[in-house]
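Mapping the sequence shown onto full-length UniProt numbering, position 249 (from 1) lands on 249, and the numbers just tick up by one.
Note that the Cβ used here is the ideal one computed from N, Cα and C, for glycine as well.
One structure is given here, and the rest of the page talks about it.
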Amino acid sequence: MAEQTNTDLLINIAQDFYINQLTIADISTKYQVSRYKISKYLDEALAKNIVSITIRSPFARSQELEKQLSISYPSHRFYVLANTEKNSNDADRFYAFAAQNVQSLIEPLKIIGLSWGDTVYNVIERFKPTTKEQLIFTQFMGENGKYNSLAGSMRMVQKAANKYNSQYSTLNAPLYILNDQVRQLLALEPAIQPTLTTAHQMDLILTTLGTMESLESIPSWHDSLAALFPNIKAKQVVGLLYGRPFDQDGHFLIDSSADKTFGISIDDILKVPIRVAVVNNKFKSYAVAAALRGNFLTDVILDEPTATKVLASNV
């Protein structure tokens, strides 16, 4: 009887992890069992052939890396594209993999927030066209200032909406506004307020991780960094997310009283139920690890080299 009970438990835990995609933290809470034991049970389910993993998709996932990441960061969901001998460095394959997973997450939702950048652009480029007229893609921060780039934030929501034959909402304002009064009053303008209201209702955010170097490359901000981020030394910053710099311990380096970012507050951003980052750059692995420590994200889509380095950076 005990053996039967144990087998049933292994089946239930395996279904929750592999099929229902619950995090190890969620499973631990559900069964009132430690995270360590959940990991052992998953190994046991494989060893006893309760779980058999057969991969026929061109987007084979690295189940082992996903499990190890889930142990290190138990409140997050991971999607890791496994290398193949022929496609170990195929960026197009990775973006298609990311697009497939993002579209699965979007399917039941209503309001999607988008940031900017080449990675987000490439994911949206590979969305499969469909029709979902009630879906809304929205900006939740101002324009990053790359007005001549197809990967700018305003163009991004338009591009995504075209893929879904849906609606979009833009924010006609810069990413940063130094004057506090101007920033506060602009948010009340009739041309701005509806987008901010929509952004406060986001179900999901799609983003990637940026760097201070990328921000410095934008003429609008190059000479204003000291005013935007006072008392912050470059060596403190491991990455940029939601327009804000953060450190290796997962702390944003700008508090709300000094935040010059135009859009919804960081507190409101972190209330969005699903916050997805797509990263296929192993040089950003320390930034990914720091963002996970800070719980800035809920879901992370990685290629195998980046995932491996994220794990190594947590040692």
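Pair within 8 Å by beta-carbon distance, residue i and residue j
i      : j      : result
Leu228 : Thr195 : no
Thr207 : Ala277 : yes
Arg275 : Leu297 : yes
Met202 : Val272 : yes
Arg77  : Gln21  : yes
Ala199 : Gly250 : no
Pro190 : Gly142 : no
Ala290 : Gly239 : yes
Ile218 : Gly145 : yes
Leu209 : Val288 : yes
Distance, residue j Cα to residue i Cα
i           : j      : result
Ala47       : Ala82  : 21 Å
Phe246      : Tyr18  : 32 Å
Asn162      : Lys128 : 11 Å
Tyr242      : Leu204 : 13 Å
Gly117      : Val279 : 11 Å
Lys260      : Leu253 : 12 Å
Lys235      : Tyr286 : 13 Å
Val120      : Ser224 : 26 Å
Ile71       : Ala91  : 27 Å
residue 394 : Gln15  : Outside the shown range of the chain, which is 1 to 315, sits residue 394, and nothing can be said about it.
Gln4        : Leu109 : Note that Gln4 scores a pLDDT of 43, beneath 50, so its modelled location is shaky; the value from the coordinates is reported in the next line. C-alpha separation (whole angstroms): 39 Å.
Asp26       : Lys37  : 13 Å
Tyr41       : Gln32  : 13 Å
Arg183      : Ser265 : 12 Å
Integer-rounded CB distance, given that residue j should sit under 8 Å from residue i
i      : j      : result
Leu114 : Met156 : 5 Å
Asn122 : Tyr95  : 4 Å
Arg35  : Ile24  : 5 Å
Element boundaries [beta strand (DSSP E), containing residue i]
i      : result
Asp299 : 299 to 303
Ile112 : 111 to 114
Pro245 : 244 to 246
Thr198 : Segment 193 to 199 is the alpha helix (DSSP H) holding Thr198; no beta strand (DSSP E) there.
Val278 : 274 to 279
Gln167 : 167 to 169
Nearest candidate by alpha-carbon position, reference residue i, set the options
i           : options                        : result
residue 331 : Ser256, Ile111, Lys40, Gln181  : Nothing can be reported for residue 331: it is not among the residues displayed for the chain, which extend from 1 to 315.
Glu304      : Lys67, Ser28, Tyr31            : Lys67
Ser39       : Glu64, Leu240, Gln103          : Glu64
Thr308      : Leu69, Ile266, Leu225, Gln181  : Leu69
Ser52       : Arg93, Leu10, Pro108           : Leu10
Thr138      : Asp268, Val288, Ile124, Gln158 : Gln158
Leu178      : Gln134, Trp221, Ser217         : Trp221
Arg61       : Tyr73, Asp43, Thr84            : Thr84
Start-to-end residues for the alpha helix (DSSP H) that takes in residue i
i      : result
Tyr79  : Segment 77 to 81 is the beta strand (DSSP E) holding Tyr79; no alpha helix (DSSP H) there.
Ile106 : 91 to 106
Val182 : 180 to 186
Ile38  : 35 to 47
Val63  : According to the sequence as given, residue 63 is Gln; it is not Val. Counting along the chain, the alpha helix (DSSP H) containing Gln63 begins and ends at 63 to 72.
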